[in-house]
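Below is one structure; the comments refer to it alone.
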Amino acid sequence: MKSNIVFAIGTGRCGTTFLAKVLQNEPDIASCHERSPLSDTFHRYFKWNQLPIDHEGFLKHKEGYIHEDLKKAKISFEASAYLSLSIEELYKYFNAKFILLVRSPEKVINSYLNKSWYKHKVVRNDHDLPVSYQETDHFHHFMGRIVPNGPFFQEWNEYSRIGKLAWFWNVLNKRVIEQFENIPDSHKRIVKIEDFDYAGYEEIIKFMGTHTQVDRSTYEKIRSSKPNTRKDNKFYLYQWKEEDITQFKEMVSEMSDYFGYSNNITNLIDKESQVENDDKSADNTSLLKKIRNKLKGI
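Here you go:
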């Protein structure tokens, strides 16, 4: 059966906003980003904690939006990291396709440090029971920010934020891959965002079941704009402490090996420094160009 419903999932801070924004320029695709945070994180909370739940309300809520999408386009697309534990239900109900967006763990972690993820220790009495409400900026943040259950919780709760986020990056990607084992190859793709060039974008469009109307120039313009990226309060690897590095390497090793990412912090710091220098050089070139253009008008 042909599928015209596609979801992009991942850890978050991995390119979901970027992909949704590019696809908004495709006339055949109705594209959006995280349109139902509360519904989706509610489902995520129950799935993570293995609590019995009827999925129909979650699926019908999603179906209403998809129905509206397909009135105006051939394909319905939603990018949402919140749906990363809901793959099997969405596949069975909608015959949906999935794109797992993956980004190197240290970049995801440094990006999440700008947010309030795992900012405070979890308050909990029984590690075998799902946690009750924890203080967050928004209720769906509590529902979506998973914590380990069982004896490991006590150790994890003493980790630094970097150690906790490293655990999250690893376990979330692992759960997606486990779910992918239960759906056919025709309905799943894995995209490393670092390698996602225009040719890769064209392949994803074919996977979705159409042909791109976005040219290379438009794609590169959106890509270089880095949507949903904060330039203030950036975190860097050289700021990590020894305990952060130790916890990071231990927590991400399984899935970083799986995806082919390095967890050697020394090498990653060197690479990060080179990227920062290249970015500054590009910014200076852009600034000089603007100044020259302004002077021409005088």
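5 is the number of the first residue of the sequence shown in my numbering; add one for each residue after it.
Glycine included, C-beta positions come from ideal geometry on N, C-alpha and C.
(message) Thr20 and His47 - do their beta-carbons sit closer together than 8 Å?
(response) Locating residue 47 in the sequence shown gives position 43, where the first residue counts as 1. Locating residue 20 in the sequence shown gives position 16, where the first residue counts as 1. It is not a contact, given that the beta carbons lie outside the stated cut-off.
(request) On the DSSP bridge assignment, give the partners of Ile33 in chain order. (result) The count along the sequence shown starts at 1 and reaches residue 33 at position 29. Per DSSP, Ile79.
(request) Just the C-alpha distance for Met212 and Gln158, rounded to the nearest angstrom, thanks. (result) Working through the sequence shown from its first residue, we reach residue 212 at position 208. Working through the sequence shown from its first residue, we reach residue 158 at position 154. Roughly 43 Å separates the two Cα atoms.
(request) State the Cα-Cα distance for the pair Asp73 and Asp32, rounded to the nearest angstrom. (result) Position 69 of the sequence shown, counted from the first residue, corresponds to residue 73. Position 28 of the sequence shown, counted from the first residue, corresponds to residue 32. For Asp73 and Asp32, the distance between alpha carbons rounds to 10 Å.
(message) Residues in the same chain with beta-carbon distance under 6 Å from Leu23, minus the five sequence neighbours each way, listed in chain order, please.
(response) Sequence index remark: in the sequence shown, residue 23 carries index 19 (1-based). These residues qualify, in order along the chain: Ala12, Ala83.
(request) Report the rounded CA-to-CA distance for Lys6 versus Gln138, giving the unit in angstroms. (result) The sequence position of residue 6 within the sequence shown is 2, counting from 1. The sequence position of residue 138 within the sequence shown is 134, counting from 1. Looking at the two C-alpha atoms, the distance is approximately 42 Å.
(request) With distances taken Cα to Cα, identify the nearest neighbour of Gly61 among Ser43, Glu258, Phe143, Asn186. (result) The residue labelled residue 61 in the question sits at position 57 within the sequence shown. Taking only the C-alpha atoms, the option nearest Gly61 is Ser43.
(request) Look at the alpha carbon of Ile57 and the alpha carbon of Lys96, and state the distance between them as a whole number of angstroms. (result) For the purposes of this step, residue 57 is taken as the residue at position 53 of the sequence shown. For the purposes of this step, residue 96 is taken as the residue at position 92 of the sequence shown. For Ile57 and Lys96, the distance between alpha carbons rounds to 16 Å.
(request) Per DSSP, which residues does Phe11 bridge with? Please list them. (result) Your numbering for residue 11 matches position 7 in the sequence shown. Phe11 pairs with Glu82, Phe102.
(request) Starting from Arg193, follow the beta strand (DSSP E) in both directions and report where the run begins and ends. (result) Numbered from 1 along the sequence shown, position 189 holds the residue referred to as residue 193. It spans 192-196 - the beta strand (DSSP E) in which Arg193 sits, taken as one unbroken run.
(request) Determine the DSSP secondary structure at Gln183, reduced to helix, strand or coil. (result) Counting from 1 along the sequence shown, the entry for residue 183 is found at position 179. In this structure, Gln183 counts as helix in the three-state DSSP scheme.
(request) Could you tell me whether the Cβ atoms of Pro109 and Val256 are closer together than 8 Å? (result) On the sequence shown, position 105 is the one that residue 109 refers to. On the sequence shown, position 252 is the one that residue 256 refers to. In contact: Pro109 and Val256 (Cβ atoms closer than 8 Å).
(message) Beta-carbon within less than 6 Å of Thr140's beta-carbon, same chain only, minus the 5 sequence neighbours each way: which residues are those?
(response) Taking the first residue of the sequence shown as position 1, residue 140 is located at position 136. The residues are Phe146.
(request) Determine the extent of the alpha helix (DSSP H) in which Thr250 is found, giving its start and end residues. (result) Within the sequence shown, residue 250 is the residue found at index 246, counting from 1. From DSSP, the alpha helix (DSSP H) with Thr250 extends over 246-263.
(request) Could you spell out where the alpha helix (DSSP H) holding Asn161 opens and where it closes? (result) Within the sequence shown, the letter at position 157 stands for residue 161. Unbroken alpha helix (DSSP H) run through Asn161: 156-161.
(message) So, for Ile269: in the same chain, excluding its five sequence neighbours on each side, which residues have a beta-carbon less than 8 Å away from its beta-carbon?
(response) For the purposes of this step, residue 269 is taken as residue 265 along the sequence shown, with counting starting at 1. Glu110, Leu241, Trp244, Ile249, Phe252, Lys253.
(message) Quick check: Val218 and Glu30, are their CB atoms within less than 8 Å of each other?
(response) Locating residue 218 in the sequence shown gives position 214, where the first residue counts as 1. Locating residue 30 in the sequence shown gives position 26, where the first residue counts as 1. Against a cut-off of 8 Å, the Cβ pair of Glu30 and Val218 comes out as a contact.
(message) Are the CB atoms of Lys192 and Phe102 within a distance shorter than 8 Å?
(response) Within the sequence shown, the letter at position 98 stands for residue 102. Within the sequence shown, the letter at position 188 stands for residue 192. The answer is yes: Cβ separation under 8 Å.
(message) Taking only three categories from DSSP, how would you classify Tyr49?
(response) Position 45 of the sequence shown, counted from the start, is the residue given in the question as residue 49. Here Tyr49 sits in helix by DSSP.
(request) Would you tell me roughly how many angstroms separate the C-alpha atoms of Pro155 and His131, rounded to the nearest one? (result) Here residue 155 is taken as the residue at index 151 of the sequence shown, counted from 1. Here residue 131 is taken as the residue at index 127 of the sequence shown, counted from 1. So the alpha carbons of these two residues sit roughly 7 Å apart.
(message) As a quick exercise: from Lys230, Met259, Thr15, pick the residue whose alpha carbon is nearest that of Leu89.
(response) Locating residue 89 in the sequence shown gives position 85, counting from the first residue. The option with the nearest alpha carbon to Leu89 is Thr15.
(request) Would you mind stating whether Trp171 and Trp160 have Cβ atoms separated by less than 8 Å? (result) Indexing the sequence shown from 1 puts residue 171 at position 167. Indexing the sequence shown from 1 puts residue 160 at position 156. Result yes, Cβ atoms of Trp171 and Trp160 sit closer than 8 Å.
(request) Could you tell me the boundaries of the alpha helix (DSSP H) in which Ile304 lies? (result) Residue 304 lies beyond the range of the chain shown here (5 to 302); nothing can be said about it.
(request) State the DSSP-derived secondary structure class of His215, mapped to helix, strand or coil. (result) In the sequence shown, residue 215 corresponds to position 211, counting from 1. Three-state result, His215: coil.
(message) Assuming Val116 is part of the alpha helix (DSSP H), what are its boundary residues?
(response) Reading the sequence shown from its first residue, position 112 is the one you call residue 116. Sequence check: residue 116 is Tyr here, not Val. Segment 109-116, the alpha helix (DSSP H) holding Tyr116.
(message) In whole angstroms, give me the CA-to-CA distance for Ile273 and Glu246.
(response) Counting from 1 along the sequence shown, the entry for residue 273 is found at position 269. Counting from 1 along the sequence shown, the entry for residue 246 is found at position 242. Using only the alpha carbons, I get a separation of about 14 Å.
(request) State the DSSP-derived secondary structure class of Tyr223, mapped to helix, strand or coil. (result) One-based indexing of the sequence shown puts residue 223 at position 219. Tyr223 falls in the helix class under three-state DSSP.
(request) Can you give me the Cβ contacts of Gly204 inside the same chain, cut-off strictly under 8 Å, excluding the 5 residues immediately before and after it? (result) Taking the sequence shown and counting its residues from 1, the one referred to as residue 204 is at position 200. For Gly204, where only same-chain residues beyond five positions count, the Cβ hits under 8 Å are Val195.
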